[in-house]
Every structure is written in C-alpha cells, then in structure tokens.
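Reading through the structure tokens given below for one structure.
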Amino acid sequence: MSGTGGLDPATIKPPDAVTALRSFPRRWRSALAMVADDPGADELVRRRPDVSSWSALEHAWYVAELLRRSDERVAQLRREEGPVLGADDPRRWVDGGGYGDRGLEAALGRIGEQAPKLAETLEALGPDDWLRSGRLDGADVTLLALVQRTVADTADHLRAAERALRSARRGG
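Residue numbers for the sequence shown follow the working numbering, so the first one is 4 and each next one is one higher.
Laid out in structure tokens, this is it:
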C-alpha cells in the first residue's frame with residue numbers, strides 16, 4: 004500500500020493530518036464492528052481473501068506498527084540533521100510480527116494509543132519542522148511527506164481491511 008489507492012498524500016496538509024490521525028481509532032473500530040456480534044468474528048478477522056492479501060487483523064496490526072514507527076521517525080527527523088531512517092518492509096512486519104497470534108481488540112487498542120500519540124507529536128511541531136528531511140528507502144523525504152504517506156497508508160489499509168472482512172463474510 005502506498006497511499007495511491009484513494010487519498011492523494013500530497014493533498015494532506017498538517018492540520019488535516021492531525022485531524023485524520025485523531026479520527027483513525029474511531030474509524031477503525033467502526034469499520035471492524037461489522038463482525039463484532041458474529042460468533043465467528045475471531046476467524047473472520049484472521050481470514051485472508053487470497054494468498055497474496057492480508058487479513059483485516061493483519062492490516063490493523065500493520066497500521067499500529069506504521070503509526071508507532073512514524074512517531075519515532077518524526078522524533079528522529081527533529082533531533083538529527085538529515086538522518087537515514089530505517090527501511091520499511093511491511094511484509095516482514097506482518098509475517099514476522101506474530102500478529103496472527105494477537106487479537107483484534109489488542110490491535111484496535113494499539114491504534115487507539117498510537118494515532119493520538121502521533122497527532123500530539125505533530126501538534127508540537129513548528130513550521131520549519133515540517134520541512135526537515137532525511138532519507139527513507141534510499142530517497143530524500145521531508146517530515147511532511149512522511150506524515151502524508153502515513154496518513155494515506157493508514158486510510159488505504161482501513162479500506163483494505165474492510166474489503167478483507169467483506170470477503171471473509173462471503174466465505175472468500
């Protein structure tokens with residue numbers, strides 16, 4: 004997921020990013036509530052639509068990790084001049100993170116912790132902080148671009164989690 008599936012990252016302004024981050028815990032909980040009363044909910048959130056796609060639970064845990072890492076990267080960009088930020092490997096995060104062993108409520112709780120934490124970090128930034136830059140995955144990235152990508156990716160993964168749940172409910 005790269006933020007290109009729906010929301011254009013370049014259109015996200017700093018206040019919009021903060022607003023979106025504050026809304027994500029509610030939006031994730033609401034989106035995944037479609038299975039809350041289903042006795043087979045645990046199995047549904049773990050079911051992958053196909054071998055190359057993630058389950059709703061994996062999308063949720065990925066987002067929790069993305070938000071945590073983004074907060075760390077914002078802090079690193081603020082304290083260091085031109086840092087090299089750790090490379091992203093989302094497949095490794097999901098496949099190696101043991102997320103399948105953890106429940107949906109824990110994932111939603113983590114999103115509920117990490118999204119407002121990142122929003123608070125962003126609210127403390129000065130105008131020049133948004134222009135600070137470093138290197139990520141071999142390319143220059145500004146703090147603003149990093150945040151834009153995080154918000155767009157979080158929204159994309161929310162839509163993907165909803166699709167995965169719809170597929171699981173259809174028996175896919």
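All C-beta atoms in this analysis are idealised placements derived from N, C-alpha and C, irrespective of residue type, glycine included.
Mind reading off the beta-carbon distance from residue i to residue j? Whole number of angstroms is fine, and I expect it under 8 Å.
{"i": "K120", "j": "D91", "result": "That belief does not hold up - the Cβ atoms of K120 and D91 are roughly 19 Å apart, past 8 Å."}
{"i": "R76", "j": "L149", "result": "6 Å"}
{"i": "F27", "j": "T153", "result": "Contact doesn't hold; Cβ gap of about 10 Å is too wide."}
{"i": "L35", "j": "L111", "result": "7 Å"}
{"i": "L107", "j": "A142", "result": "Actually they do not touch by this definition, with Cβ atoms about 34 Å apart."}
{"i": "D140", "j": "R81", "result": "Contact flag wrong, Cβ pair sits at about 20 Å."}
{"i": "L88", "j": "Q79", "result": "6 Å"}
How about residue i and residue j: do their beta carbons lie closer than 7 Å?
{"i": "L10", "j": "A122", "result": "no"}
{"i": "V48", "j": "A39", "result": "no"}
{"i": "A3", "j": "R30", "result": "With the chain covering 4 to 175 only, the question about residue 3 has no answer from this structure."}
{"i": "T145", "j": "L161", "result": "no"}
{"i": "L24", "j": "A163", "result": "no"}
{"i": "G85", "j": "G129", "result": "no"}
{"i": "I114", "j": "V66", "result": "yes"}
{"i": "V21", "j": "L147", "result": "no"}
{"i": "Q177", "j": "P12", "result": "Given that the chain is displayed from residue 4 to residue 175, the structure contains no residue 177 and the question cannot be resolved."}
Any idea what DSSP makes of residue i, helix, strand or coil?
{"i": "L80", "result": "helix"}
{"i": "A142", "result": "strand"}
{"i": "S136", "result": "strand"}
{"i": "V54", "result": "coil"}
{"i": "L69", "result": "helix"}
{"i": "L88", "result": "strand"}
{"i": "D11", "result": "coil"}
{"i": "A20", "result": "helix"}
{"i": "G174", "result": "coil"}
{"i": "P119", "result": "helix"}
{"i": "A109", "result": "helix"}
{"i": "M4", "result": "Confidence is the limiting factor: at M4 the pLDDT is only 43, short of 50, which leaves the residue's position unreliable, though a coordinate-based value still follows. Three-state result, M4: coil."}
{"i": "A127", "result": "coil"}
**Prompt:** Residue ranges of each alpha helix (DSSP H) run of no fewer than 4 residues wholly in the region 28-54, ordered along the chain?
**Reply:** 44-49
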